[in-house]
Amino acid sequence: MSGAQEQLSFAQTRALMRSDFERLVGWYGGGSLPQRVFWYFQPNYQALFFYRLYRWLFVKGWKNSARLLFLYSLYATGVEISPTTSIGAACLLEHAFGIILCGRIGARCSFAGQCGTGGGIGEGDIGGGPGLPVVGDDVRFGPKALVLGPIRIGSRVAIGASAIVTVEVPDDSEVLPLPSKIIRVKMGRAESAP
Amino acid sequence: MAAPSQAPNWSQTRSFIREDFKRLCAAYDGGTLSRRVYWFFLPNFQAVLLYRVCRHLYLRNWRRSARLLSLAAQRLTGAEISPAAAIGPGCLIGHAFGMIVFGSFGARCTFLGQCAAMGNGIAPGYPVVGDDVIFGIQAMALGPVRIGNRARLGPAAVVNRDVPDDAVVLVLPANPIRSRSGA
Chain G
3 MSGAQEQLSF AQTRALMRSD FERLVGWYGG GSLPQRVFWY FQPNYQALFF
53 YRLYRWLFVK GWKNSARLLF LYSLYATGVE ISPTTSIGAA CLLEHAFGII
103 LCGRIGARCS FAGQCGTGGG IGEGDIGGGP GLPVVGDDVR FGPKALVLGP
153 IRIGSRVAIG ASAIVTVEVP DDSEVLPLPS KIIRVKMGRA ESAP
Chain P
38 MAAPSQAPNW SQTRSFIRED FKRLCAAYDG GTLSRRVYWF FLPNFQAVLL
88 YRVCRHLYLR NWRRSARLLS LAAQRLTGAE ISPAAAIGPG CLIGHAFGMI
138 VFGSFGARCT FLGQCAAMGN GIAPGYPVVG DDVIFGIQAM ALGPVRIGNR
188 ARLGPAAVVN RDVPDDAVVL VLPANPIRSR SGA
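Same order as they appear, the protein sequences are chains G and P.
Here the first sequence stands for residues 3 to 196, numbered as in this note's numbering.
Here the second sequence stands for residues 38 to 220, numbered as in this note's numbering.
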C-alpha cells in the first residue's frame, strides 16, 4: 500500500492518524486510558499527528497553511517530515529525535531515532520527488540509518544501525550494520588496535 | 579563514547575517518575498541567526547574556552552536536539529544536518575548518583536527585525522545487503 494518492480526504487522514496511534499503542504493549493519553502527547506521536494534518492541507492545495503547520511542528517536536513526503498507514516513530523524512514511504514502517531519508545525492525522480527515495512497506530503520538519493527500498527490509544506504535494496533483505572494532584499554588509556 | 575573533561592530555581524540569508535563499532557489519570510523563520536559519547574535554578545564580553541566549536558541531550534565557535560568513545549515558546533570555521561552510564538530574526549581542542567545506548529514569532526578548504565530508563520516584541501571523506565499505528468510 503506497502513501497518499492525488486525493486525500479528511476521513482518510483521520483513519491514518488512528492507525499511527494504534501502532504506537501496540508497540508499547497496550495500556489503560491514562497511559494512552500520555502516549498521545508524546513527540513521537505528535510529530505524526501534525504530519497527517499538514499533509492533508498540502494535498488539498492549501500549501501555505501546510507549511505554517509544518514550521510549528518542527519547533514543537523536532521531527522534520516534509509536507511533500507521503507516508503509508501505521507509521511508527520509536524516538522522535533527529528524524528527517523526505520521499515516499510505505505502510507500517518504523523509525528508531535519528534516521533520515532524503536527497543530496544524485538527481532523478523515481516517484518520491526529485532525488528522493521510495521505501516499501514494513521496513524497519535502525537508529541513525540513512537512506539517501533516488533509490528504491523494497518491502520487509531491516536497515541496520548507522547504515548508509545509497543503492537499491530488494524485498525481504537486510542491510547489515558495519562492525565496530574493539580496542585495548590499558591503565585507563585507550590504544587503538591497528 | 575569514572568521574574526576580535570584537565586531554590529554592522559586521549584520553583514554576516545577510550573507547567511543570501546563501540560504540561493540554496532554496531564490523566491518571492513571502517565501523568503517563511525561510527566515525556519529553524535552520534561526539557529544561525541566533548564533550570530550570541557570538556578537560573547565577543563584546557580555558572556552571561551570550550564554543565556545560546541556551534559549538550543532549546528552540535544537542546534547547539557555541558562541565560542568562530564561523565565517555565509554559513548554511540544512536541518538544525541535532547540530553540535564547536571550533573555528571559514566562510561558506555548509552543514547538511545533524552534524557535530566537537571535542573527542581524548585530546583537548576543537576542529579548525577551512572555507567552502561541506559536512554531509550526520558527519562528525572530532577533536583538534584541521580540515582543508573545499573538503567534503560524506554522510556519517567521522573525521579524527587532518583532512587536506579538496578531499572527500566517505564511510567505506558500504553496508552489505543480504536476503533474509521470512519477515
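Using N, Cα and C, we set each Cβ at its ideal position, and we do this for glycine too.
Those residues which DSSP pairs with residue i across a bridge
i: Arg-183(P); result: Val-165(P)
i: Glu-176(G); result: Ala-160(G), Arg-215(P)
i: Gly-120(G); result: Leu-150(G)
i: Ala-204(P); result: Paired residues: none, contrary to the question.
i: Leu-103(G); result: Ile-83(G), Thr-119(G)
i: Phe-51(G); result: DSSP, once it has assigned bridges, lists no residue as partnering Phe-51(G).
i: Val-195(P); result: Met-177(P)
i: Phe-172(P); result: Phe-148(P), Leu-190(P)
i: Phe-143(G); result: Phe-113(G), Ile-161(G)
i: Ser-88(G); result: Arg-106(G)
i: Ala-68(G); result: DSSP lists no partner for Ala-68(G).
i: Ile-166(G); result: Leu-148(G)
i: Ile-155(G); result: Val-137(G), Val-171(G)
i: Ala-153(P); result: Ile-137(P), Met-177(P)
i: Leu-95(G); result: Phe-113(G)
Contact check, residue i vs residue j, beta carbons under 7 Å
i: Arg-176(G); j: Ala-165(G); result: What sits at residue 176(G) in the sequence shown is Glu, not Arg. No.
i: Ala-109(G); j: Ala-92(G); result: yes
i: Pro-135(G); j: Gly-115(G); result: no
i: Gly-135(P); j: Gly-100(G); result: yes
i: Tyr-95(P); j: Pro-120(P); result: yes
i: Arg-183(P); j: Ile-171(P); result: no
i: Cys-104(G); j: Ser-84(G); result: yes
i: Asn-81(P); j: Ile-130(P); result: yes
i: Ile-174(P); j: Gly-118(G); result: yes
i: Leu-94(G); j: Ser-75(G); result: no
i: Val-195(P); j: Met-177(P); result: yes
i: Ala-122(P); j: Ala-84(P); result: no
i: Thr-50(P); j: Arg-89(P); result: yes
i: Ala-154(P); j: Pro-164(P); result: yes
i: Ile-153(G); j: Glu-170(G); result: yes
i: Leu-150(G); j: Ile-123(G); result: yes
i: Glu-82(G); j: Ile-107(G); result: no
i: Ala-49(G); j: Thr-79(G); result: yes
i: Arg-198(P); j: Asp-169(P); result: no
i: Pro-181(P); j: Ala-160(P); result: yes
i: Gly-162(G); j: Pro-179(G); result: yes
i: Leu-10(G); j: Trp-58(G); result: yes
i: Gly-156(G); j: Asp-139(G); result: no
i: Cys-91(P); j: Ser-107(P); result: yes
i: Leu-87(P); j: Ile-54(P); result: no
i: Gly-185(P); j: Gly-167(P); result: yes
i: Leu-26(G); j: Tyr-47(G); result: yes
i: Val-208(P); j: Ala-193(P); result: yes
i: Arg-100(P); j: Ala-44(P); result: no
i: Phe-142(P); j: Ile-124(P); result: yes
i: Gly-131(G); j: Glu-125(G); result: no
i: Asn-157(P); j: Leu-179(P); result: yes
i: Trp-47(P); j: Tyr-65(P); result: no
i: Asp-57(P); j: Cys-128(P); result: yes
Under 7 Å by beta carbon: chain P residues contacting residue i
i: Ile-102(G); result: His-132, Gly-150
i: Tyr-77(G); result: Pro-80, Leu-113
i: Leu-50(G); result: Residues of chain P passing the Cβ test: none, with the nearest at roughly 16 Å.
i: Val-187(G); result: The contacting residues do not exist; Val-187(G) stays about 12 Å from chain P at best.
i: Val-167(G); result: Asn-212
i: Gly-80(G); result: Gly-115, Phe-134
i: Leu-180(G); result: Asn-212
Within chain P, the residues that residue i reaches when beta carbons sit closer than 8 Å
i: Gly-162(G); result: Asn-212
i: Gln-44(G); result: Result: empty, since nearest Cβ-Cβ is about 17 Å, beyond 8 Å.
i: Leu-148(G); result: Ile-174, Gln-175, Pro-192, Ala-193
Neighbouring residues, chain G, relative to residue i (Cβ below 7 Å)
i: Tyr-75(P); result: Arg-69
i: Val-208(P); result: Ile-166
Neighbouring residues, chain P, relative to residue i (Cβ below 9 Å)
i: Leu-73(G); result: Tyr-75, Phe-78, Leu-79, Pro-80
i: Pro-85(G); result: Neighbours of Pro-85(G) on chain P: none; closest Cβ ~12 Å, over 9 Å.
i: Leu-95(G); result: Per Cβ cutoff of 9 Å: no residues; Leu-95(G) is ~13 Å from chain P at best.
i: Gln-116(G); result: Gly-135, Gln-151, Gln-175
Within chain G, the residues that residue i reaches when beta carbons sit closer than 9 Å
i: Val-196(P); result: Neighbours of Val-196(P) on chain G: none; closest Cβ ~15 Å, over 9 Å.
Cβ of residue i within 7 Å of any chain C Cβ
i: Ser-34(G); result: No chain C appears in the structure shown, which is made up of the protein chains G and P.
For the region 88–150 of chain P, which segments carrying the alpha helix (DSSP H) assignment without a break, of at least 4 residues, lie completely within its bounds, in sequence order?
100–114
Any chance the region 17–34 of chain G sits against the region 63–75 of chain G, with 3 or more Cβ pairs inside 8 Å? The region 17–34 of chain G is not in contact with the region 63–75 of chain G.
Unbroken stretches of the alpha helix (DSSP H), 4 residues or longer, contained in the region 38–86 of chain P:
47–64, 70–77
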